[in-house]
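Participant: Under the numbering used here, think of the first position of the sequence shown as 35, with each following residue one higher. Heads up, the beta-carbon is just placed ideally off N, CA and C, and yes, glycines get one too.
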Amino acid sequence: PLLLLSVACTLAPLLSLALTSNLWPYFALFVLAGLMGGQNSPAVSAYVADCCSKESRTTNFGIIGSVGSFVFMLLPVCGGFISKGYGQQELFKVAAGLEL
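1. Determine contact between the segment 38–49 and the segment 86–104, defined as no fewer than three beta-carbon pairs at a distance below 8 Å.
2. Roughly how many angstroms separate the alpha carbons of Glu124 and Val105, rounded to a whole number?
3. What is the DSSP secondary structure of Leu56, counted as helix, strand or coil?
4. Output the boundary residues of the alpha helix (DSSP H) element that contains Gly96.
5. Cα separation between Asn56 and Gly68?
6. Please report the straight-line C-alpha distance between Val101 and Thr44, rounded to a whole angstrom.
7. In chain order, what residues of the same chain lie with their CB nearer than 8 Å to the CB of Ala52, ignoring the 5 residues before and after it?
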């Protein structure tokens with residue numbers, strides 16, 4: 035439940051910008067996402083620790099870290115191409131779709 039709540043709170047500001055250009059709801063939802071976003075990483079780590087065997091746990095934690103780093107480098111580049119080609123409104127629709 036905590037992981038789903040964290041994802042929903044992260045999705046809310048993206049949907050706000052995808053559906054309207056008003057920034058005040060975005061800022062309010064962004065603060066909520068920031069407060070709940072810190073719950074995402076510990077919940078994922080606990081899930082991996084509970085679902086993996088002791089032998090594969092180190093490998094799976096390494097995969098989580100490397101995927102996070104790869105996404106951190108790749109998605110800003112993709113976002114730049116999407117916003118330049120289709121506009122900023124479409125960028126937030128794509129981001130919200132990926133978040134789901």
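Facilitator: A quick look at the data gives this:
1. no
2. 19 Å
3. Contrary to the premise, residue 56 reads as Asn rather than Leu in this sequence. Three-state result, Asn56: coil.
4. Lys88 to Tyr120
5. 19 Å
6. About 18 Å.
7. Gln123, Phe126, Lys127, Ala129 and Ala130
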